[in-house]
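To keep things clear, I will list the structure first and then write my remarks on it.
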Amino acid sequence: MAEQRNQVVKPLETASAEDMQLDDMEPPHVSGKLQGTSEDIMHMNTLGREQETIRMFTRKSMVGFGSSLIVTWETILTNSSAIITNGAELSSMAATSGGQYHWVSEIAPSRAQRYLSYLTGWLCIAGWQGGITGIGMLVATVIQGLITLSNPDYVAQGWHGTLITIGIVTLCALFNSYGARQLPLVESCLALLHFCGLFVIIIILWTLAPRNNAHDAFLQIHNGGGWNSAGLSFMVGLYPLTVSLNGFDSQVHMSEETQDAHRAMPQSIMWSTYVNGFLGLIMPDCQAVTLIFTMGDLDAILQTRTGYPFIQIFYNVTKSKVGTTLMTVIIILPLIGSVIACIATASRQIWSFARDEGIPGSRAIRYVPTRWSVPLNAILVSWTICVLLALINIGSATALNAILALGTGSILGSYIISISCVTLRRLNGETLPPHEWSLGRWGLPINLAALCWLLPIFIFIQFPGATPTTAANMNFSSLLIGAVVLFATCYYIVIGRKLYVSPKERVHRSDGLAEMRTPAVARSVNGRSMRST
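Plus 1255 on top of the position in the sequence shown (first one is 1) and you've got the working numbering.
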């Protein structure tokens, strides 16, 4: 044991994969080409990680994966690009499933890095676990809207939506467990449908729909939230668009299953930006204009029994329930792809945090069966959390909506912490960990621009959707985010600080400035914190 421990503590002296002492490392779960490139192996050992999952994604398929979860043609390119480029640079520093909490552990001020890393990990858990329920419930309620359209006697009930959500999430979880190797192909196909579907819907609407007059289309303002100004109403209404930013974050947490990840991740993140940004630029000129010219009476479609104005617009245009259903299916299928991607992302994130003893039950959650090379227990935990959250909808839709808003708010909070740490490091003139994809001299301005966008959005997504505010329409997400922060802090003080192994403690950079790990860290890396069993 003493000899083995000394081998682990010994720093690596060179940066090349060929010269690394791979024979001194523990036998990997995954071998051969499934481990990725030689540089993937080098980077995993640099980060002190064992390759336990299969690297099945390429640059192109990862673009499809992220785009399927972005699943919006209204990507706010000019506003979100600063945030996205920050994520691309950070992913190049450490291409690991941990994402934000790993980055924070390496770049945060030394006095606070362990706690901030731990808190960021909990925010990511809250964000992604709530996200599964949110997208699953969205698909379920759209299906209920189609049922209402086809059967006027049908009355949508909360428990109906809950059961449909559980069914959808169960199927998606099974696919993530037993069909995981087909994930790149399926997500790429659904992303293609997502892109092509935009043009199909635009063509149908322009061909069949009657036209509104230009005055009403461009000059009429509808403030449905009852806010005092159109500007405030606009800012509060940005919440649905911020959800699309989660798509870029999803790619980060799949790093350990991507070939040549330290290069592929920033490239796929930026290509997702370009592709969806191109469609985002088309939207104002095509689909947005199409909708305002073809939607008919605004008040009528807002009061639709289906619950979704776009379903009513489709029906008003086609005059056909079958045609409306087919057009809506073009939207539903990519949304189901989003559920699949969300489960994959959430399970990898919680699995990664469990490897570092960040949550209760870490020993079981981090287990990866060698036969499957998929974190099955983490997928099961994510499915269970989703089912429990979906059950809330039976008793209170308001409580469920608060949990769903918690998801987006938590992810934004994790990026605020990450980018703030990078900004502070640059302001202090400190170096960043080695990375191939760099913002260069534009790093600090882009960091500041991202914070200037994130902070106001983080505040406005806590606002209720409409006034006057009542218990039924109140947005309780700020209360829940505060509860997550309080719980994570208390748990860290009582238990977490004794068990949690910060990712930085595992890292041994092989660029000539290798960091010597302490014997205590060597024990944790060589023992229970590094293993899956």
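Ideal Cβ positions, reconstructed from N, Cα and C, are used throughout, including at glycine.
Mapping the DSSP letters down to three states, classify residue i as helix, strand or coil.
i            : result
residue 1513 : strand
residue 1757 : coil
residue 1716 : coil
residue 1558 : coil
residue 1334 : With a pLDDT of 43 at residue 1334, under the threshold of 50, the modelled position of this residue cannot be trusted; read the value that follows with caution. Note: residue 1334 maps to helix in three-state DSSP.
residue 1231 : The first residue shown for the chain is 1256 and the last is 1788, placing residue 1231 beyond what the model contains.
residue 1406 : coil
residue 1618 : helix
residue 1680 : helix
residue 1489 : helix
residue 1219 : No answer is possible for residue 1219: it lies beyond the span of the chain, which begins at 1256 and ends at 1788.
residue 1370 : helix
residue 1503 : helix
residue 1728 : coil
residue 1638 : helix
residue 1348 : helix
residue 1401 : helix
residue 1694 : coil
residue 1734 : helix
residue 1396 : helix
residue 1662 : helix
residue 1651 : coil
residue 1483 : coil
residue 1550 : coil
residue 1518 : helix
residue 1722 : coil
residue 1613 : coil
residue 1782 : Because the pLDDT of residue 1782 is 38, which lies under 50, any placement of that residue in the model is unreliable, and the number read from its coordinates should be weighed accordingly. Looking at residue 1782 - three-state DSSP - the assignment turns out to be coil, as it is neither helix nor strand.
Identify which residue in the options has its Cα closest to the Cα of residue i.
i            : options                : result
residue 1457 : 1429, 1383, 1583       : 1583
residue 1438 : 1598, 1734, 1566       : 1598
residue 1730 : 1724, 1622, 1719, 1461 : 1719
residue 1445 : 1586, 1357, 1430, 1526 : 1586
residue 1512 : 1435, 1677, 1690, 1712 : 1435
residue 1707 : 1678, 1573, 1723       : 1678
residue 1361 : 1559, 1672, 1605, 1560 : 1672
residue 1509 : 1740, 1354, 1724       : 1354
residue 1399 : 1414, 1385, 1387       : 1414
residue 1425 : 1740, 1643, 1738       : 1643
residue 1606 : 1379, 1592, 1685, 1555 : 1379
residue 1692 : 1650, 1744, 1525, 1614 : 1525
residue 1345 : 1521, 1450, 1443       : 1521
residue 1406 : 1727, 1580, 1749, 1747 : 1580
residue 1709 : 1619, 1666, 1443       : 1666
residue 1626 : 1620, 1738, 1433       : 1433
residue 1359 : 1668, 1652, 1519       : 1668
Indicate whether residue i and residue j have their beta-carbon atoms separated by less than 8 angstroms.
i            : j            : result
residue 1448 : residue 1589 : yes
residue 1596 : residue 1392 : no
residue 1632 : residue 1674 : no
residue 1661 : residue 1381 : yes
residue 1659 : residue 1389 : yes
residue 1715 : residue 1491 : yes
residue 1561 : residue 1567 : yes
residue 1369 : residue 1757 : yes
residue 1352 : residue 1604 : yes
residue 1637 : residue 1387 : yes
residue 1377 : residue 1600 : no
residue 1563 : residue 1397 : yes
residue 1628 : residue 1431 : no
residue 1722 : residue 1482 : yes
residue 1578 : residue 1755 : no
Please list the terminal residues of the continuous alpha helix (DSSP H) segment that includes residue i.
i            : result
residue 1750 : First-last for residue 1750: undefined, no H or E at that position.
residue 1442 : 1438-1463
residue 1589 : 1576-1610
residue 1687 : Here residue 1687 belongs to no alpha helix (DSSP H), and DSSP marks it neither H nor E.
residue 1428 : 1413-1433
residue 1571 : 1564-1573
residue 1358 : 1355-1362
Throw me the rounded Cβ distance for the residue i and residue j pair, which I believe falls under 8 angstroms.
i            : j            : result
residue 1687 : residue 1348 : 7 angstroms
residue 1576 : residue 1460 : Actually they are not in contact, since the Cβ atoms of residue 1576 and residue 1460 sit about 17 angstroms apart, beyond 8 angstroms.
residue 1592 : residue 1441 : 7 angstroms
residue 1663 : residue 1497 : 6 angstroms
residue 1732 : residue 1657 : 5 angstroms
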